[in-house]
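Colleague:
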Amino acid sequence: MPSDVYQFHIFAPKIRYMATNRTFTMIKPDAVENGHIGNILNMITEAGFSIKAMKYTRLTEAQAKAFYEVHAERPFYGELVEYMTSGPIVAAILEKENAVADFRALIGATDPAEAAEGTVRKAYAESKGRNAVHGSDSDDNAAIEGKFHFSAEEVH
Ligand code: IDP
Ligand code: MG
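Heads up: the sequence shown runs through residues 539 to 694, numbered per the working numbering.
1. From the DSSP secondary-structure annotation, give me the bridge partner or partners of residue 630.
2. Can residue 567 and residue 668 be called in contact, C-beta distance under 9 Å?
3. Tell me which residue opens and which closes the alpha helix (DSSP H) that residue 616 is part of.
4. Ends of the beta strand (DSSP E) at residue 672?
5. Along the chain, where does the alpha helix (DSSP H) containing residue 599 start, and where does it finish?
6. So, helix, strand or coil for residue 666, using DSSP?
7. First and last residue of the alpha helix (DSSP H) that includes residue 684?
8. Using the C-alpha atoms, what's the distance from residue 608 back to residue 621?
9. May I ask which residues mark the beginning and end of the alpha helix (DSSP H) holding residue 572?
10. Do you know how far the Cα of residue 631 is from the Cα of residue 684?
11. Does any heavy atom of the ligand MG sit closer than 8 Å to the C-beta of residue 675?
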């Protein structure tokens with residue numbers, strides 16, 4: 539192993555580089571309303587993800603604002619919070635090798651017009667805003683978002 543890589547491993551804070559093999563997802567209100575829960579869960583399990591936790595729930599305004607806090611300054615934040623509280627969702631923690639990246643590939647680009655064939659958003663999203671599913675963008679956020687929705691006792 540080259541010495542610079544070796545040193546990197548010694549001095550890097552270990553936790554930030556440990557892949558958890560888990561991601562967090564939501565089937566969003568448009569997809570629930572349009573009757574796509576079963577088909578989307580089927581795509582997810584067919585792609586090799588296993589379900590570690592799952593619930594059918596509805597976000598409060600406070601929960602939606604907190605979950606999407608990172609987008610608070612974006613022009614679509616109000617619209618996003620309104621949409622995410624407009625109806626029930628399915629929240630889940632998923633497990634698979636390389637879960638975060640593989641799940642982002644499975645769901646496709648944020649805007650369904652740009653999403654690849656065979657992706658969840660290509661098949662089921664209505665628009666860039668109402669885009670059927672959420673997928674965590676990093677291992678750190680997967681852990682934070684999973685904990686936001688589930689207690690340790692709800693993960694199996
Ligand atoms: P992502 O869900 O693909 O990670 P982000 O950029 O993190 O996309 O945005 C979070 C969510 O905010 C999107 O999934 C979508 O529901 C909504 N959103 C993003 N960009 C827009 C926009 O330009 N108009 C309306 N809603 C948007
Ligand atoms: Mg995102």
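The beta carbon of each residue, even a glycine, is placed where N, CA and C say it ideally should be.
This one's a predicted model, so the numbers in the text were calculated from it and none came from an experiment.
Modeller: Taking the definition as stated:
1. Taking the sequence shown and counting its residues from 1, one reaches residue 630 at position 92. Answer is 563 and 592.
2. In the sequence shown, counting from the first residue as 1, residue 567 sits at position 29. In the sequence shown, counting from the first residue as 1, residue 668 sits at position 130. Judged by their CB atoms, residue 567 and residue 668 are nearer to each other than the 9 Å cut-off.
3. Locating residue 616 in the sequence shown gives position 78, counting from the first residue. Where residue 616 is concerned, the enclosing alpha helix (DSSP H) stretches over 615-622.
4. Along the sequence shown, read from residue 1 onward, the residue named residue 672 stands at position 134. Counting along the chain, the beta strand (DSSP E) containing residue 672 begins and ends at 671-673.
5. Translated into positions along the sequence shown, residue 599 becomes position 61. Start and end: 599-605.
6. By one-based count along the sequence shown, residue 666 stands at place 128. Coil at residue 666, not helix or strand.
7. Reading the sequence shown from its first residue, position 146 is the one you call residue 684. 677-687 is the extent of the alpha helix (DSSP H) around residue 684.
8. Counting from one through the sequence shown, the residue named residue 621 turns up at place 83. Counting from one through the sequence shown, the residue named residue 608 turns up at place 70. The alpha-carbon of residue 621 is positioned some 16 Å away from that of residue 608.
9. Your numbering for residue 572 matches position 34 in the sequence shown. Unbroken run through residue 572: none, as it is neither H nor E.
10. Along the sequence shown, read from residue 1 onward, the residue named residue 684 stands at position 146. Along the sequence shown, read from residue 1 onward, the residue named residue 631 stands at position 93. Those two C-alpha atoms are separated by around 6 Å.
11. As a working mapping, residue 675 is identified with position 137 in the sequence shown. Indeed, a heavy atom of the ligand MG lies less than 8 Å from the Cβ.
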